[in-house]
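Worksheet: one structure, shown below.
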Amino acid sequence: GAGVSQSPSNKVTEKGKDVELRCDPISGHTALYWYRQSLGQGLEFLIYFQGNSAPDKSGLPSDRFSAERTGGSVSTLTIQRTQQEDSAVYLCASSLGWGNQPQHFGDGTRLSIL
Amino acid sequence: KQEVTQIPAALSVPEGENLVLNCSFTDSAIYNLQWFRQDPGKGLTSLLLIQSSQREQTSGRLNASLDKSSGRSTLYIAASQPGDSATYLCAVETSGSRLTFGEGTQLTVNP
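Residue numbers (this note's numbering), protein chains in the order written: chain W, 40 to 153; chain U, 13 to 123.
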């Protein structure tokens with residue numbers, strides 16, 4: 040597709056369940072980023088990938104969060120044993136290369152933990 | 013730790029007015045500063061990217077300036093239109109390619 044695609048667009052799950060969020064970057068973009076947008080916290084960086092490698096995982100809020108990227112394309116963000124404070128919009132972005140490039144964002148996955 | 017502040021938090025103007033949104037950041041060691049627009053329920057749309065060595069960028073009715081030494085940027089919107097209504101976010105890129113965002117300015121342009 041022409042833009043960054045994220046799925047699902049909405050996810051409602053019970054506390055304690057695991058969830059998997061998917062991001063399809065723009066074709067040819069080597070860098071991929073995950074952010075979280077929540078009330079009171081604004082937009083915060085989680086992790087980025089250059090190719091399939093994640094040089095900076097320091098933004099992940101806890102060890103319940105993990106992410107991977109395969110084939111230099113699709114990425115999944117996994118949250119294990121979800122908590123209510125995980126409720127937020129999770130945004131994915133991609134860019135042509137690493138550093139000093141405009142980041143192009145998807146519409147996000149709205150995650151609600153009951 | 014880099015902190016980004018945007019003023020005002022909300023702004024309501026009549027159509028046709030020129031307006032200025034402000035952004036400030038605490039650490040001047042940035043690679044670039046980016047302005048984004050976010051519509052309700054949507055992701056972010058990149059508007060302008062100013063490299064750290066640049067002073068300003070222009071796109072149509074938008075003009076963004078950067079004063080890195082003082083940690084400030086402004087986004088100027090000329091002849092505002094109702095379609096400009098959205099939340100405008102400022103972000104700075106620091107080491108590791110991460111963006112640090114401000115809280116945004118919610119703009120309403122009234123017909």
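Where a beta carbon is used, it is the ideal one built from N, C-alpha and C, also for glycine.
Expressed to the nearest angstrom, what Euclidean distance is found between the alpha-carbon atoms of residue i and residue j?
i               : j               : result
R49 of chain U  : K50 of chain W  : 24 angstroms
D39 of chain U  : E15 of chain U  : 8 angstroms
T17 of chain U  : L101 of chain U : 10 angstroms
L87 of chain U  : V25 of chain U  : 15 angstroms
A106 of chain W : E29 of chain U  : 45 angstroms
L33 of chain U  : Q80 of chain W  : 21 angstroms
D121 of chain W : L56 of chain U  : In the sequence as presented, Asp is not what sits at residue 121 of chain W; that position holds Thr. So the two alpha carbons sit approximately 26 angstroms from each other.
S67 of chain W  : S44 of chain W  : As written in the sequence, residue 67 of chain W is Gly, which differs from the Ser given in the question. Rounded to the nearest angstrom, the two C-alpha atoms are 14 angstroms apart.
A132 of chain W : K96 of chain W  : 16 angstroms
A70 of chain W  : E105 of chain U : 14 angstroms
S112 of chain W : D63 of chain W  : 7 angstroms
G136 of chain W : S109 of chain U : 10 angstroms
S48 of chain W  : G138 of chain W : 28 angstroms
Label residue i either buried or exposed according to how many other C-beta atoms from any shown protein chain fall within 10 Å of its C-beta, with 16 as the threshold for buried.
i               : result
R5 of chain U   : Outside the shown range of chain U (13 to 123) lies residue 5 of chain U, about which nothing can therefore be said.
Q46 of chain U  : buried
L117 of chain U : Sequence check: residue 117 of chain U is Thr here, not Leu. Buried, since its Cβ has 16 or more Cβ neighbours within 10 Å.
Q76 of chain W  : buried
T109 of chain W : exposed
I19 of chain U  : exposed
S151 of chain W : exposed
R73 of chain U  : exposed
Cβ of residue i less than 9 angstroms from any chain W Cβ?
i               : result
K13 of chain U  : no
F37 of chain U  : no
T103 of chain U : The identity of residue 103 of chain U in the sequence shown is Ala, whereas the question assumes Thr. A103 of chain U counts as touching chain W.
For residue i, would you say it is in contact with chain U, using Cβ-to-Cβ distances shorter than 9 angstroms as the test?
i               : result
G67 of chain W  : no
F104 of chain W : no
D95 of chain W  : yes
G111 of chain W : no
What residue range does the beta strand (DSSP E) around residue i cover?
i              : result
G81 of chain W : 81 to 89
Y72 of chain W : 70 to 77
Pairing CB atoms from the segment 113 to 132 of chain W with CB atoms from the segment 78 to 95 of chain U, are three or more of them under 8 angstroms?
-> Judged by Cβ distances under 8 angstroms, the segment 113 to 132 of chain W makes no contact with the segment 78 to 95 of chain U, as fewer than three pairs qualify.
Given 8 angstroms as the limit, is there contact between the segment 87 to 95 of chain W and the segment 141 to 148 of chain W, that is, 3 or more CB pairs closer than that?
-> no
Spell out a yes or no on whether the segment 89 to 99 of chain U and the segment 56 to 65 of chain W are touching, meaning 3 or more CB-CB pairs, one atom from each, closer than 8 angstroms.
-> no
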